[in-house]
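What follows is one structure encoded as structure tokens, with my remarks underneath.
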Amino acid sequence: MPYSEEERAFIEWYPRGYGVGFKVKERLFETQTKYQRLELYETEGFGKLLVLDGTVQLVEIGEESYHEVLVHPVMLAHPNPRRVLIIGGGDGGTLREVLRHESVEKATMVEIDEMVVEVSRIYLGIDRGAFDDPRAELIIGDGVKYLKETGERFDVIIVDSTDPVGPAKLLFSEEFYRSAYEKLNEKGLYITQAGSVYLFTNELLNAYKAMKKVFDRVYYFSFPVIGYASPWSFLVGVKGDLDFRKVDVSRAPEKLYYYDPERHETLFQMPKYVRELLEKE
24 MPYSEEERAF IEWYPRGYGV GFKVKERLFE TQTKYQRLEL YETEGFGKLL VLDGTVQLVE
84 IGEESYHEVL VHPVMLAHPN PRRVLIIGGG DGGTLREVLR HESVEKATMV EIDEMVVEVS
144 RIYLGIDRGA FDDPRAELII GDGVKYLKET GERFDVIIVD STDPVGPAKL LFSEEFYRSA
204 YEKLNEKGLY ITQAGSVYLF TNELLNAYKA MKKVFDRVYY FSFPVIGYAS PWSFLVGVKG
264 DLDFRKVDVS RAPEKLYYYD PERHETLFQM PKYVRELLEK E
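So the sequence shown is residues 24 to 304, counted in my numbering.
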């Protein structure tokens with residue numbers, strides 16, 4: 024089991040015997056939801072720890088780095104993001120960062136597991152009121168089904184999902200990417216987290232290849248995330264002629280914790296072997 028009562032520690036084990044762990048003060052909450060095992064811990068040095076099916080989803084101390092880099096680069100690359108779709112992200116951090124942009128008129132969030140939202144609101148509160156923002160629409164449902172059936176169109180689509188293995192693999196399929204492409208407005212951007220480049224290399228490359236078949240431009244970047252097997256990968260797809268490497272710094276929200284729009288280009292500095300892997304595809 025990832026959690027050891029005797030050791031007072033939680034460890035998430037990745038492929039090849041790699042582990043990421045935290046010393047734990049106590050387990051605050053645990054339940055089996057309709058979809059997954061949900062656990063919440065108080066760690067010794069990193070605040071609260073949200074775990075789904077034994078996989079770290081969020082570490083309270085430093086969560087801003089993940090959510091800021093997931094959201095602000097695509098929001099600032101788009102000339103005027105007014106309608107945004109978030110798939111997953113039940114903790115509310117992604118929604119919080121999206122709504123920091125004044126151009127946003129509506130942010131729709133589709134989360135399949137209502138318990139993730141409820142527990143996050145009660146115990147974490149990292150949404151900081153985002154769920155109550157009049158621009159926010161929360162839909163409890165299947166994001167794959169919603170994207171396929173909705174008649175709405177979006178400027179930005181953000182997928183804040185679990186790792187590209189198991190049930191979440193549907194979110195990394197060519198069929199899903201085609202649904203996303205169809206629902207994007209011209210110059211729209213799509214972003215998804217894509218796992219560890221070291222430990223999910225095949226899954227990352229498969230997602231990259233599938234996106235290149237669908238989107239007009241595809242970009243890769245990575246950065247370290249507390250609680251994940253870093254560096255963590257992200258993939259961006261563009262509909263139309265738009266360069267994701269260029270952002271409008273003047274529209275950046277104030278007091279960002281991690282992401283620096285003026286150094287946006289540093290996101291694309293990658294190890295030589297990663298660049299060579301992607302160039303082969």
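All C-beta atoms in this analysis are idealised placements derived from N, C-alpha and C, irrespective of residue type, glycine included.
Keep in mind that this is a model prediction, so the values were computed, not measured.
By the CB criterion at 8 Å, Arg60 and Tyr26 fall outside the cutoff.
In the DSSP assignment, Glu134 falls outside any alpha helix (DSSP H) and lies within the beta strand (DSSP E) extending over Lys129 to Glu134.
For Ala100, the uninterrupted alpha helix (DSSP H) segment begins and ends at Glu86 to Ala100. Along the length of the segment 147-196, whole alpha helix (DSSP H) runs at least 4 residues long occupy 166-172, reported in chain order.
Looking at the backbone, the Cα of Leu99 and that of Glu205 are separated by about 21 Å. Cα atoms of Ala32 and Val179: separation of roughly 38 Å, rounded to the nearest angstrom.
CA-CA distance, Glu160 to Leu300, rounds to 39 Å. Excluding sequence positions up to five before and after His124, its CB lies within less than 6 Å of the CB of Met98, all in the same chain and listed in chain order.
Contact between Gly260 and Phe246 does not hold, since the beta-carbon distance rounds to 18 Å and is not under 8 Å. Note: Glu277 is not bridge-paired with any residue in the DSSP secondary-structure output. Non-local C-beta neighbours of Gly111 in its own chain, meaning closer than 7 Å and more than five positions away in sequence, comprise Glu134, Gly166, Val182, Asp183 and Ser184, ordered along the chain. When only Cα atoms are considered, Gly115 and Asp264 end up about 31 Å apart.
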